[in-house]
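Asks: My questions will all concern the structure given below.
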Amino acid sequence: MNIPDEFGLFPFQRFTADELRHFFVWCAAHKVSDVDLTGGSPVSVSRFGRRVRCSSATLPTTLMSSLIDELFGREVIPRVLAGNPVDRTIQINGDASGRYGLKRGERIRLRSHLIQGTSGAEEKAISITMRVIPTEIPDILSMNIEPDLLEAMVCKSGLGFVCGETGSGKSTLCSALYRYIMDNFPDAKIVTYEDPVVSVNGAPY
Numbered sequence: 218m219n220i221p222d223e224f225g226l227f228p229f230q231r232f233t234a235d236e237l238r239h240f241f242v243w244c245a246a247h248k249v250s251d252v253d254l255t256g257g258s259p260v261s262v263s264r265f266g267r268r269v270r271c272s273s274a275t276l277p278t279t280l281m282s283s284l285i286d287e288l289f290g291r292e293v294i295p296r297v298l299a300g301n302p303v304d305r306t307i308q309i310n311g312d313a314s315g316r317y318g319l320k321r322g323e324r325i326r327l328r329s330h331l332i333q334g335t336s337g338a339e340e341k342a343i344s345i346t347m348r349v350i351p352t353e354i355p356d357i358l359s360m361n362i363e364p365d366l367l368e369a370m371v372c373k374s375g376l377g378f379v380c381g382e383t384g385s386g387k388s389t390l391c392s393a394l395y396r397y398i399m400d401n402f403p404d405a406k407i408v409t410y411e412d413p414v415v416s417v418n419g420a421p422y
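Note that the sequence shown covers residues 218 to 422 in our numbering.
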């Protein structure tokens, strides 16, 4: 399909699972942090802390079941309709042909949360909230952090809090900090407890 280079409305035609995979890769390329898919509502995303509509038409409720079955598996819908939220991870892999715009070895991951809710006139709409997991860790020195604050962030002892609204960059900041510590303090030990795992900070040795 013809994928636009600029961020804006995505050219959905039939809202197929394959179209959505192209859309997810496009979102990752345009620094989208979250994607919302709800039957009976337009497709929308969070980008730089702002909500943006990305489809000219609404996502048909009648398509949600087939989309969820193909993207997440057939066991998901019965659990969601029974009132049990479901968490799943989607991974889109590139190949030699550049499918979805990804090369071989490139991948995009999204952490997804599915619940049943109400959307407009739909009393039992299924809502999917997806967090785009970044594949590149930024250099913390490029994030305009005050030197005194950065020094305090790598102290040997103490308790620190990283706070902010959804999509404000908390996980990105932590990943950049872990990478900075690994690169500059090789004797330091870093242990994280995450769900979902946002980034992999392994280094070649």
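Ideal Cβ positions, reconstructed from N, Cα and C, are used throughout, including at glycine.
Here the structure is a predicted model, which is why all the values come from computation and not from measurement.
Using the C-alpha atoms, what's the distance from V303 back to T352?
Replies: Taking the straight line joining both Cα atoms gives about 24 angstroms.
Asks: Considering only C-alpha positions, which residue in the set C380, V415, E382 and V269 is nearest to Y395?
Replies: For Y395, the nearest C-alpha among the options comes from V415.
Asks: For R264, which residues in the same chain have their Cβ closer than 6 angstroms to its Cβ, ignoring the five residues on either side in sequence?
Replies: Taken in chain order, the residues that qualify are V249.
Asks: Kindly identify the DSSP beta-bridge partner or partners of V252.
Replies: Paired residue(s): V262 and M347.
Asks: Figure out for me which residue from I332, I398 and V371 has the closest Cα to the Cα of I354.
Replies: Ranking the options by Cα distance to I354, first place goes to I398.
Asks: Between the C-alpha atoms of K373 and L358, what's the straight-line distance to the nearest angstrom?
Replies: Near 20 angstroms, if we compare the C-alpha coordinates of L358 and K373.
Asks: Name the two residues that bound the continuous alpha helix (DSSP H) containing N361.
Replies: Looking at the DSSP string, N361 is not in any alpha helix (DSSP H), and its letter there is neither H nor E.
Asks: With a Cβ-Cβ cutoff of 8 angstroms, do L481 and L284 count as a contact?
Replies: For the chain, the structure presents residues 218 to 422; residue 481 sits outside this window and is missing.
Asks: Three or more C-beta pairs under 8 angstroms: does that hold for the region 310-325 against the region 228-246?
Replies: With a cut-off of 8 angstroms, the region 228-246 and the region 310-325 count as touching, because enough Cβ pairs lie within range.
Asks: Taking all protein chains shown into account, decide if G322 is buried (16 or more other Cβ within 10 angstroms of its Cβ) or exposed.
Replies: With fewer than 16 Cβ atoms within 10 Å of its Cβ, G322 is classed as exposed.
Asks: By Cβ distance below 6 angstroms, which residues in the same chain neighbour P189 in space, the five residues on each side in sequence not counted?
Replies: Because residue 189 is not part of the residues shown, which for the chain are 218 to 422, the question remains open.
Asks: Please name the residue or residues paired with H330 in a DSSP beta bridge.
Replies: Note: H330 sits in a beta bridge opposite D304 and T346.
Asks: Where L298 and G334 are concerned, what is the direct C-alpha to C-alpha distance, given to the nearest angstrom?
Replies: The alpha-carbon atoms of L298 and G334 are separated by roughly 10 angstroms.
Asks: Are the CB atoms of R348 and L319 within a distance shorter than 8 angstroms?
Replies: Contact flag unset, no.
Asks: Please name the residue or residues paired with V269 in a DSSP beta bridge.
Replies: DSSP output for V269 lists V262 as bridge partner(s).
Asks: Where do the N-terminal and C-terminal ends of the alpha helix (DSSP H) with T389 fall, by residue?
Replies: From DSSP, the alpha helix (DSSP H) with T389 extends over K387 to N401.
Asks: Exposed or buried, what is Y422 when buried is set at 16 or more other beta-carbons lying within 10 Å of its beta-carbon?
Replies: Reliability fails at Y422, whose pLDDT of 48 lies under 50, so the model's placement of it is uncertain and the value that follows must be treated cautiously. Classification for Y422: exposed.
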